[in-house]
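Counting along the sequence shown from 1, when you hit position 191 you're at 191 in my numbering, and nothing is skipped either side. Only one structure is covered here, and it is reproduced in the block below.
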Amino acid sequence: MSGRTGAGADPFRWTVVGNGENRRVGLFVAAAEASGVGTPRVVEWRDVLRDGGHEFADDEVVRLDSPGENAEVDRLLRGVDDPTRVEGSATWYGRFLDAVGSLRGGVRLDEPADLAVLFDKRLCHARLDAAGVPVPPSPTSGGHTAVRGWDDVRALMREHGMPRVFVKPAHGSSASGVLAVESSASGRIRATTSVEVAEDGRLRAPLRLHNSLRVRRYTDEREIAGIVDALAPDGLHIERWLPKASAQGRSADLRVLVVAGRATHAVVRTSRFPMTNLHLGGARGDLMSVVDAAGDRWRQALDICERAAACFPDTLSVGVDLLPAIGWRRFAVGEVNAFGDLLPRLTGLPGGPAEGLDTYTAQIAAVRDRLPSALSHHPQARKDHATF
C-alpha cells in the first residue's frame, strides 16, 4: 500500500526494508499509520537477498530495519542452518553490506558507509575515539591488531594491564558470543557469557557454539580457550571491562536513542550479570532515580550520546549503549547500534523533542520536519541513493 493515503498526506511514500512478520516492522507500520503518513510498503530482506537488490522510486523514503529473527534470512546471510549458532558473523557482515549496497534509489535514512562502521565494533570504537567520545580502552581499536585466539587475548590482557575485559565478536549483536573475562593475580580465569557449547562438540575443534537465554560462567581455562578459538575466525574486539554504576542493587547501563542528532529516549537496563541485555534476564530500571543520581551530569550523559551519533551524520537514528561509572560521575560509550530503537512502550524524554512519542513516531516526525529540505537537495535520486 502507498504512503500517500488520506487527505493531506505527505508528498512522498514510506518504505521499510525488513522482515515483514517481525514486531519491529509491525510497530513501525502502526506508528506510520497513526501519524497519518499512510501504510508503508514493506520490502522483505529475503527478497532483496534472493533477487540481488531492489530499486526504489525517487519519492520513496526508505528505512532499513534489522534482518534478524528470521531463520531463512539468517541462513542467507550467515550460511548456517541453525539460527542459534554463534559462528558466521563475518559472513553475515559481508553479505549484509552487499545487500545494503544492492539497494538503489529513494531517499535513504541509513547511510551504507555508516552501517559498515556500526557493524564492526573495532571500526566503530576507533571512529568514536578519534572524535573524542569517551570509550573503554581497547587494544583492538581500528582492527589493526589481529586476535587469532585465546593466546592472543591473554597476551593483550597482560600487555595492556587489563585483568578484566569484554571479548566481543567484531560483527556480533544482542550480546551474541560476548564473554566477560576476569583474571586473578593467582592466574585463575572466569568467563561469563550466554554461549553454550554443544555437547557433541566438546571433543572436537572447533567447538560448536550456540546462543542461550541462560547466562553461564566458565572457570576451566581450556574450555574458555576453546570458545574464544572458535569465535576468533570471525574477528574479535577486546575492551577493558569498566566497573559500572548500580541501580536497585544491580549493575546498570543505559540505552539512549538519538534521532536527528538529539537524544530522545532513554532506558535503564539492570542485571546481576555483566551483560544487561533484556533478553538475557536484564530488567528496566527507574530512569528518574538515575537522573536524580546523575544530577547535573545527566545533561553531560546525553551530550556524549549525541556526540557519538554525530559520528554517523547520514544515519537518522542510532541506539547508544552508555556505560556509567560507579556513582554516576563519568560515562563512556560501549556500543552504537544501527537498529537500537526497539524499545516498546517507551516514550520520549520529558522536555525533549520527542516527549510523549514512541521511538518510531519520533523518527517519523523528525523526517517530516526535515524531508522538504532533504528533497530540495536531492530533487532526483541518484543511481545509488540519496541520503536523508
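Idealized CB from N, CA, C, for every residue including glycine.
What residue range is occupied by the uninterrupted alpha helix (DSSP H) comprising residue i?
i	result
ASP321	Per DSSP, ASP321 belongs to no alpha helix (DSSP H); it is in the beta strand (DSSP E), 317-324.
LEU287	287-294
TRP150	150-159
THR221	Reading off the sequence, residue 221 comes out as Glu, not Thr. GLU221 -> alpha helix (DSSP H) spans 221-231.
VAL135	Careful: VAL135 lies outside any alpha helix (DSSP H) and carries neither H nor E.
ARG95	89-101
ASP114	112-118
Please state whether DSSP places residue i in a helix, a strand or coil.
i	result
PHE166	strand
ARG194	Rather than Arg, the amino acid found at residue 194 in this sequence is Ser. The answer is strand: DSSP assigns SER194 an E or B state.
GLU72	helix
ASP129	helix
LEU302	helix
ALA247	strand
LEU123	helix
VAL107	strand
ALA175	coil
ALA283	strand
ARG297	helix
LEU371	helix
SER35	coil
ASP314	coil
PHE28	helix
THR361	helix
ALA146	coil
VAL80	coil
LEU203	Confidence at LEU203 is low in this model, with a pLDDT of 46, below 50, so its placement is unreliable and the value that follows should be read with caution. Coil.
Over what stretch of residues does the beta strand (DSSP E) that includes residue i continue unbroken?
i	result
PHE331	331-337
TRP328	Where TRP328 is concerned, there is no enclosing beta strand (DSSP E), given that its DSSP letter is neither H nor E.
VAL181	179-183
ALA266	262-271
PHE56	54-64
SER251	250-259
GLU239	236-240
SER212	209-218
Would you check if the distance between the CB atom of residue i and the CB atom of residue j is smaller than 7 Å?
i	j	result
LYS168	VAL178	yes
GLY285	SER271	no
PRO139	THR145	yes
THR91	ARG78	yes
VAL256	VAL318	no
LYS121	ALA170	yes
LEU346	VAL267	yes
GLY351	LEU357	no
ILE364	SER102	no
VAL147	ALA232	yes
LEU316	LEU109	yes
VAL228	TRP150	yes
LEU302	ALA263	yes
Would you grab the beta carbon distance between residue i and residue j for me? Rounded to a whole angstrom, and I think it's under 8 Å.
i	j	result
GLY18	SER66	7 Å
LEU115	ALA260	Contact doesn't hold; Cβ gap of about 17 Å is too wide.
THR389	HIS210	Nothing can be reported for residue 389, as the shown portion of the chain is limited to 1 through 388.
SER141	PRO163	Not a contact, Cβ separation roughly 19 Å.
LEU323	GLY340	So it is not a contact: roughly 15 Å between Cβ atoms.
ALA252	ARG240	About 18 Å; that fails the 8 Å criterion.
VAL42	VAL25	6 Å
I'd like to confirm the pairing. Which residues does DSSP put opposite residue i in its beta bridges?
i	result
VAL43	VAL17
GLU355	GLY348
ILE189	SER183
ARG85	HIS210
I want to check one thing, is the minimum distance from the CB of residue i to the heavy atoms of the ligand MG below 6 Å?
i	result
ARG148	With respect to small molecules bound, the structure shown includes none, and the ligand MG cannot be examined in it.
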